[in-house]
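Shown next, in structure tokens, is the structure this report addresses.
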Amino acid sequence: MPDSQPQQPSSPDSPGPGESPGSRDARAPQSAAGSPPPSPAPGPSPAPGPSPTPSPAAPPSTAPSPSALLLCGARLTDGRTVDVRLGEGRIEAVGTAGSLAAHGGRVDLSGHLLLPAAAEPHAHSDTALSALTEGPVPGDVQDVQRRATEAALLQLGHGATALRSHVRIGDVQGLDSLHAVLQARRSLRGLVDLSVVAVPRLLTGVAGADGMAMLRDAVRMGASVVGGCPDLDPDPTGYVEAVLGLAAEHGCAVDLHTDGGDPARLARLAAAAGGLRPGVTIGPCGGLGRLPSDVAARTAEQLAAAGVTVVCLPQGDCGGAGHGAQAACAGAAHAGVADGGAVPVRLLRAAGVRVTAGSGALRDMANPVGRGDPLEAAYLLASRQGLRPEEAYDAVSSAARAAMGLAEVRVEAGFPAELLAVRGDTLAGALSLAYSRVVVHRGRVVARTSAVREYCDSAAAVALDLPRQGRGKGGGVVS
Numbered sequence: 045m046p047d048s049q050p051q052q053p054s055s056p057d058s059p060g061p062g063e064s065p066g067s068r069d070a071r072a073p074q075s076a077a078g079s080p081p082p083s084p085a086p087g088p089s090p091a092p093g094p095s096p097t098p099s100p101a102a103p104p105s106t107a108p109s110p111s112a113l114l115l116c117g118a119r120l121t122d123g124r125t126v127d128v129r130l131g132e133g134r135i136e137a138v139g140t141a142g143s144l145a146a147h148g149g150r151v152d153l154s155g156h157l158l159l160p161a162a163a164e165p166h167a168h169s170d171t172a173l174s175a176l177t178e179g180p181v182p183g184d185v186q187d188v189q190r191r192a193t194e195a196a197l198l199q200l201g202h203g204a205t206a207l208r209s210h211v212r213i214g215d216v217q218g219l220d221s222l223h224a225v226l227q228a229r230r231s232l233r234g235l236v237d238l239s240v241v242a243v244p245r246l247l248t249g250v251a252g253a254d255g256m257a258m259l260r261d262a263v264r265m266g267a268s269v270v271g272g273c274p275d276l277d278p279d280p281t282g283y284v285e286a287v288l289g290l291a292a293e294h295g296c297a298v299d300l301h302t303d304g305g306d307p308a309r310l311a312r313l314a315a316a317a318g319g320l321r322p323g324v325t326i327g328p329c330g331g332l333g334r335l336p337s338d339v340a341a342r343t344a345e346q347l348a349a350a351g352v353t354v355v356c357l358p359q360g361d362c363g364g365a366g367h368g369a370q371a372a373c374a375g376a377a378h379a380g381v382a383d384g385g386a387v388p389v390r391l392l393r394a395a396g397v398r399v400t401a402g403s404g405a406l407r408d409m410a411n412p413v414g415r416g417d418p419l420e421a422a423y424l425l426a427s428r429q430g431l432r433p434e435e436a437y438d439a440v441s442s443a444a445r446a447a448m449g450l451a452e453v454r455v456e457a458g459f460p461a462e463l464l465a466v467r468g469d470t471l472a473g474a475l476s477l478a479y480s481r482v483v484v485h486r487g488r489v490v491a492r493t494s495a496v497r498e499y500c501d502s503a504a505a506v507a508l509d510l511p512r513q514g515r516g517k518g519g520g521v522v523s
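Quick note: the sequence shown uses our numbering, first residue 45, plus one each step.
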């Protein structure tokens, strides 16, 4: 098939203007002196990170990439079975099964559906995996870094090769949690791209002065997105204006928590955000589902005209509006963000709003059983909101990447090698039973999840010829 030239949009999740080289965003190419991170998964592991871009004067090289990896026998959503060769962090070629030569490692993806990798647009790394903690969530830098790292790896295993995490600043923790998550980002370089949203509590009035100063410090430290919850500030409109002003000054993207139940407030936000580049994201917006249909439709049109993205949370609460364990729960209830599934997704999409889906809480006080699984979010959009499987998966992959300022991914030559292979023949089947997964980031396998289903010896199981990976000893069926 002919090669396609991917678009390369600028990324709003790039390092802040004052960020030190050591804390650059994980998407930046690593220098030769940087030490590569260990791979958590078995299988071929070419060197991480893309190679430096050659000089324009240098002739193009036709030699195979030393980091080439061949994905064999994968099924695409259009029904084709193909081989896909990767090199230098990109897709080099896509051909019919058996048509491409392997210049490096091989990964057999027979029985797997190959997709653009998922992305997580709404995580909370600083509170993740803290559900069993008694009292306030610990703000110790080492503890936050450990939990943030583990959470990112869990989500990577689910298929998200890029994460955007909201991190609280101010109050007792100050900038400690932000520092810890930035440390986790550096340690994860080459495995998963992690960008950080600085989330202050107050930004207006006398109390908000400290918040503004700390938000500026957060951007200088390396937070590439500015956010927060204007619903909890005494002056929500002033809060939004402060965030948008600082974002415009530093060239940052904006990602705000809001219930979305006040159409007048959303109209003012849309009017103020219309000219901001990079763009503005809001969520979880459960309040939109409580508005009269005509009001919700008019609000959706205003958001679409301003280019505002909406992130919904089909898997449940995020609790990101509050500060501290108890405040998180109270803040979420006040802000009305508990029911992410109430967002009128189809109405928003019909109006032209880019809608993405995030995971929100990952086993913290807001959702002790949160999975952080983008495929579950897509499954819920399909099963509860009536989206087609393709539309539902787009919300956690292409739309999420676009909202995060990342380059488009297609399973075509020339596009970034950010891929997810899920056992199954169709996208609907993959969303229904997404157990076994192979995750590719920057052209190498970085995570594998293998699920084996076994049945006892049964004539019925054999007679039905159920889908299986092989047969267990003694006649048992393994799938």
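The beta carbon of each residue, even a glycine, is placed where N, CA and C say it ideally should be.
In three-state terms, what does DSSP make of residue i?
i, result
"residue 271", "strand"
"residue 170", "coil"
"residue 438", "helix"
"residue 301", "strand"
"residue 392", "helix"
"residue 462", "coil"
"residue 473", "helix"
"residue 343", "helix"
"residue 147", "coil"
"residue 281", "helix"
"residue 481", "strand"
"residue 328", "strand"
"residue 122", "coil"
"residue 452", "coil"
"residue 115", "strand"
"residue 508", "coil"
"residue 428", "helix"
"residue 498", "strand"
"residue 132", "coil"
"residue 415", "coil"
"residue 445", "helix"
"residue 360", "coil"
"residue 350", "helix"
"residue 492", "strand"
"residue 467", "strand"
"residue 397", "coil"
How would you label residue i, buried or exposed, when you count the other beta carbons within 10 angstroms and need 16 or more for buried?
i, result
"residue 127", "buried"
"residue 315", "exposed"
"residue 430", "exposed"
"residue 434", "exposed"
"residue 119", "buried"
"residue 169", "buried"
"residue 221", "buried"
"residue 359", "buried"
"residue 356", "buried"
"residue 504", "exposed"
"residue 382", "Because the pLDDT of residue 382 is 42, which lies under 50, any placement of that residue in the model is unreliable, and the question is left without a value."
"residue 346", "buried"
"residue 217", "buried"
"residue 248", "buried"
Closest to residue i by CA distance: which of the options is it?
i, options, result
"residue 146", "118, 172, 112", "112"
"residue 274", "339, 302, 215", "302"
"residue 414", "313, 439, 363, 455", "363"
"residue 328", "271, 290, 278, 283", "271"
"residue 478", "495, 488, 402", "495"
"residue 395", "483, 456, 350", "350"
"residue 293", "259, 312, 310, 279", "259"
"residue 191", "229, 158, 155", "229"
"residue 324", "339, 307, 354, 346", "354"
"residue 490", "232, 143, 256", "232"
"residue 295", "313, 319, 312", "319"
"residue 194", "185, 166, 173", "173"
"residue 133", "493, 467, 457", "457"
"residue 311", "297, 283, 342, 282", "342"
"residue 480", "466, 308, 283, 441", "466"
"residue 199", "223, 183, 164, 213", "164"
"residue 463", "158, 148, 129, 116", "158"
"residue 418", "116, 167, 144", "167"
"residue 182", "287, 142, 224, 428", "224"
"residue 411", "307, 150, 361, 444", "361"
"residue 189", "330, 226, 141", "226"
Taking 8 Å as the CB-CB limit, is residue i close to chain C?
i, result
"residue 113", "In the structure shown, chain C does not exist; there is a single protein chain."
Does the count of Cβ pairs from the region 235-251 and the region 171-179 closer than 8 Å reach three?
-> no
In chain order, which beta strand (DSSP E) runs of at least 3 residues are fully inside the region 151-212?
-> 156-160, 162-167, 204-212
What residue ranges within the region 220-275 form continuous beta strand (DSSP E) runs of no fewer than 3 residues, ordered along the chain?
-> 237-243, 269-272
Indicate whether the contact test is met: 3 or more Cβ pairs, each with one atom in the region 203-214 and one in the region 474-488, closer than 8 Å.
-> yes
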